[in-house]
Amino acid sequence: MRLIFGLVLIAGLGLAGFAVYMAQNYIGAYEQALKEERAKAAEAASVPTERIWVAKRSILYGEPLSPEDVRLAHWPKDALPQDFFPEAEPPVVEGDLPRVATRQIEKNEALMKVKVSEPGGDAGLTSRLERGQRAFAIEVNVATGVSGFLRPGDRVDIYWTGNVRAEGVDVPKGEVTKLIQTGVELIAIDQTANTDSTAAAIARTVTVAATPQVVASLAQAQSTGRLSLSLMAAHDDTIAEAIEVDQRKLLGIEGRDRKAENKTLEVCTIRTRRGSDVVEIPIPCTN
C-alpha cells in the first residue's frame, strides 16, 4: 500500500513539475514576442521622415493642379520616390501658371515631377480645349496653310472656295470664295502641339478648337470645296465683315451684267390715238 502511495506521489510531482515547465515556456515565449513587438514599435517611431507634397484627392489626366489639391505629409526618408516635391518646393505657387497632371494621380500619392507638367504646360489637346469645344482637323498644303508659318496658338480666318449650283439672279455664278469663320484658334500642327516651336514646316493638317456647330460647318465646307487659312496678327481683335467674292466681282464686270439683265427686261411702247382715247402699244425696242 505504501509502495502504491509512493508511486502516486512521485507521478503527481512529475506531472506538476512538467506543468510548471510548460507554463514557464509559454510565458517566456509570450514575453519575448511582446518585447519584439515593443522593439519594432520603437524602431518605427524612430524612422526618420521628410515632409513632401502629396495629392489630397484623385487627380485625373489633364486636370490643372490647385492649392486645394495638394498637402504636406511625412514620408520615410528611405522610401522617398524619385523626383518628388519637397516642402520647400511646392508644386503649386500662387501667381504662377498652373501645372497639369500628365498621368492620373491617386489620393495620398506622392506628387512627382514626371506626373505633372511644367508651370503653364499642358497634357495634350484635351487640356487645351475649353468646356464645350471640340478638336477638328483641316487638310492644308503649302498654299492654303500660309507656307508653313502656322504655329499652335495662332488664330486664323478660314475661307471656303467652291462652286455654287443654286439658281437665281442674285446668286453668284461659278466658283465663289467666302469667309466662313474668323479668329479660329489652332491647337496643333500635324502631330505637334508644342507652342514653343519656331521652325517652319509644311503642314498637311492643322487642328482647330471650335464649338460642335462650327465643327459641323467646317466638315461640310471641307467636303464640298477647298479651305484656305489666313493668319491673323497676334493681338488683332477686329471682327471681319462678311466677305464673298466670285469671278464677276473679282473682275469688276458685275455692273455690266446687271445692265444687260435689265436691258433684256426693257419694254418699249408707242402711243397712238384711237378715237378719243390714247393707248400704248408694245413694240420691239431698237437702239
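Residue numbers for the sequence shown follow full-length UniProt numbering, beginning at 1 and rising by one.
Built from N, CA and C at the ideal position, the CB exists for glycine as well.
Residues near residue i in its chain [Cβ-Cβ closer than 8 Å; skip 5 each side]
| i | result |
| --- | --- |
| A219 | F136 |
Through-space distance from residue j to residue i, alpha-carbon basis
| i | j | result |
| --- | --- | --- |
| T49 | A16 | 53 Å |
| E89 | G145 | 43 Å |
| N25 | R57 | 51 Å |
| F84 | E68 | 18 Å |
| E94 | A201 | 37 Å |
| K107 | L150 | 40 Å |
| R128 | D122 | 7 Å |
| S117 | A73 | 22 Å |
| T192 | G252 | 43 Å |
| R51 | L80 | 10 Å |
| A11 | A23 | 18 Å |
| I138 | M232 | 17 Å |
| I239 | T182 | 8 Å |
| E130 | W75 | 37 Å |
| E63 | E244 | 42 Å |
| V169 | K249 | Interpretation of V169 is limited by its pLDDT of 49, a score under 50 that renders its predicted location unreliable; the figure taken from the coordinates is listed afterwards. Cα-Cα distance, rounded: 14 Å. |
| R134 | T211 | 6 Å |
From the options, residue whose alpha carbon lies closest to that of residue i
| i | options | result |
| --- | --- | --- |
| V92 | L231, T182, V70 and K249 | V70 |
| D78 | R226, L125, P67 and S46 | S46 |
| D154 | H74, V206 and K249 | V206 |
| L65 | A233, A101, G183 and V140 | A101 |
| L125 | R248, A221 and A209 | A209 |
| E109 | Q82, G132 and P98 | Q82 |
| A234 | L186, V215, G148 and Q213 | L186 |
| I189 | N141, R226 and D236 | N141 |
| R226 | A143, V114, A203 and T269 | A143 |
Residues sharing a beta bridge with residue i, DSSP
| i | result |
| --- | --- |
| R114 | The amino acid occupying residue 114 in the given sequence is Val; Arg does not appear at that position. Beta-bridge pairing links V114 to no other residue. |
| F84 | M112 |
| R226 | T161 |
| D236 | DSSP, once it has assigned bridges, lists no residue as partnering D236. |
Neighbourhood of residue i by C-beta, 6 Å cutoff - its chain only, sequence neighbours within 5 removed
| i | result |
| --- | --- |
| V176 | V164 and D246 |
Assigned secondary structure, residue i (DSSP; H/G/I helix, E/B strand, else coil)
| i | result |
| --- | --- |
| A137 | strand |
| G17 | helix |
| E280 | strand |
| R103 | coil |
| P212 | helix |
| R151 | coil |
| G174 | strand |
| P119 | coil |
| T205 | strand |
| T49 | strand |
| R38 | helix |
Cβ neighbours of residue i in the same chain (closer than 7 Å, five flanking residues each side left out)
| i | result |
| --- | --- |
| D96 | P119 |
| S230 | V156, D157 and Y159 |
| T224 | G162 |
Below-8 Å beta-carbon distance, residue i vs any chain D residue
| i | result |
| --- | --- |
| E109 | Among the protein chains of the structure shown there is no chain D, as only one such chain exists. |
Residue i Cβ short of 7 Å to the ligand COA heavy atom set
| i | result |
| --- | --- |
| I202 | No copy of the ligand COA appears in this structure; indeed no ligand is present at all. |
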